[in-house]
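Residues in the sequence shown are numbered from 4 upward in steps of one, following the working numbering. Every residue, glycine too, gets a C-beta built ideally from N, C-alpha and C. Below is one structure, written out as structure tokens; the observations come after it.
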Amino acid sequence: MSENTTTITLNGREFKLIGTAHVSRESIDEVRKIICEEKPDMVCVELDQGRYNSITQNDNWAKLDLSKVFREGKGFLLIANLVLASFQRRLGNELGVKPGEEMKTAVEAAKEMNIPHSLCDREVHTTLRRAWARCGLWSKAKLLASLLASAFTTEKLDEKEIENLKNKNELDGMMSELANYLPGVKAVLIDERDRYLAAKIWTSTPPDEETPKKIAAVVGAGHMHGMVNHLEKLASGEESVDVTELDQIPPPGFLAKSARFIIPTAIIALIAVGFIRAGTEMGLSMIVQWVLWNGSLAAIGAIIALAHPLAILVSFLGAPVTTLTPFLGVGIISGLVQITFSKPRVSDVQDITEDTTSLKGIYRNRITRALLVFFFSTLGSAIGTFVSVPVIAKLLAG
């Protein structure tokens, strides 16, 4: 038995946790072998329905309504999902392994042997939104920087390094580093999901002392230690199987909700004071500075994304206005204009999986370029806001 497999017996049931690296040939072979030899009563996998569909259905991207994504304010979630998936896919391409192939193999093996299976992970959008909600402003900036770095990195890992990701010492070091760098993100991505996976696996088959059950669970090696702890707590009654709260999105804090209104109010108040105290000329000068800084940096962001000329123009004209509107961002408008005048083609849907593994592909694909327009125009407008406020305040003070 591999050292990456842990077996524990609790309340008459045997839980066999198979720790994997998500782009590992060895993990694929190990998963199939264990399921075929052990013939468990249930196979559980670290997937949610959405991710399972994405690795089993070729037409998943064809169903994407990008305009709806922008209108519903889910642009950042889609970007984060794409970046994380593309990083794993890039590693998989180097090793000739598709990300999540070991999970897919587990489900296929279960079906072949008529063994019931269960998708036990939390929905990925819920995880990403909870992680984002747990981050403060500085942590959000670090998270975005990390995502961008992973999207554009050219660093390569060999197969030996991938397999080392299943070793406890390697994992402990990575978890410790993540906890220090982004503690809120680590708590959501790892700790919460350890508990969530354990609870779903525990409830996948009812305990029955007269007919012992054997459950095989295929999970990322980084979850093994935490899941064992949670399973033991579930067995002792120390912990509840109810993880409903882990499926809830925390409401924005007072500061986050207030910032939507405080920043626009402060800007309007500054300009109003300029008109009242220093006259029309000063007020107009402050407006010009506000428009130039905010609009120009949003437009520069769109240019960096190689946006359609009209999307660039909309970014410039829209940013100063949308920044003063709590419920609308310039990225939503520029993104919608981009997909209107540079409509995604059938080939963009067909090639997006491979295009997201390279910077050239990301810019070539009209779906991902629209997401870049959304992201960079939003980022430019945000920078423009923080730069322009002190600039117009200085005009007033002078």
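DSSP-derived helix/strand/coil call for residue i
i    : result
T121 : At residue 121 the sequence reads Ser, which differs from the Thr that was named. Strand at S121.
E284 : helix
M45  : strand
K77  : coil
T360 : coil
R196 : helix
L13  : strand
I407 : An answer regarding residue 407 cannot be provided, because it is not within the stretch 4 to 401 covered by the chain.
A308 : coil
R54  : helix
N297 : helix
G99  : Confidence in G99 is poor, its pLDDT being 49 and thus under 50, which makes the residue's placement unreliable; the coordinate value appears in the next sentence. Coil.
A385 : helix
T328 : coil
M106 : helix
R132 : helix
V349 : helix
N232 : helix
C138 : coil
V127 : helix
S207 : coil
E115 : helix
D250 : helix
V244 : coil
P393 : helix
D32  : helix
P323 : helix
A400 : helix
Q60  : coil
D354 : helix
In DSSP terms, what residue i is bridged to
i    : result
G223 : T23
T8   : I21
Environment of residue i [buried if 16+ CB atoms lie within 10 Å]
i    : result
G240 : exposed
I355 : buried
S350 : exposed
L94  : With a pLDDT of only 49 at L94, under 50, the local geometry of the prediction cannot be trusted, and the value read off the model is given with reservation. Per the 10 Å Cβ criterion, buried.
M230 : buried
V191 : buried
N117 : exposed
N172 : Note that N172 has pLDDT 48, beneath the 50 cutoff, so the model's placement of it is unreliable and no number is given.
S391 : buried
D197 : buried
A269 : exposed
S337 : buried
C39  : exposed
T76  : Here residue 76 is Gly; the residue named in the question, Thr, does not match the sequence. Exposed: under 16 other Cβ atoms inside 10 Å.
K19  : buried
N368 : buried
T343 : exposed
S380 : buried
F73  : buried
N7   : buried
Assumed close pair residue i, residue j - CB separation to whole angstroms, cut-off 8 Å
i    : j    : result
D124 : L50  : 5 Å
S121 : S207 : 4 Å
A403 : V244 : What is shown of the chain runs 4 to 401, which leaves residue 403 out entirely.
I21  : E33  : 7 Å
A322 : G286 : Actually they are not in contact, since the Cβ atoms of A322 and G286 sit about 20 Å apart, beyond 8 Å.
V340 : L313 : 6 Å
A310 : G383 : Contact doesn't hold; Cβ gap of about 11 Å is too wide.
V221 : A109 : 4 Å
I37  : A308 : The pair is not a contact, with the Cβ atoms about 46 Å apart (cut-off 8 Å).
P253 : A136 : 5 Å
F389 : G334 : Contact doesn't hold; Cβ gap of about 16 Å is too wide.
I395 : L234 : In fact, because the Cβ distance is near 58 Å, the residues do not count as touching under 8 Å.
is_contact[residue i, chain B] using C-beta, thresh 8 Å
i    : result
V276 : As a matter of chain content, chain B is missing from the structure shown, which is built from one protein chain.
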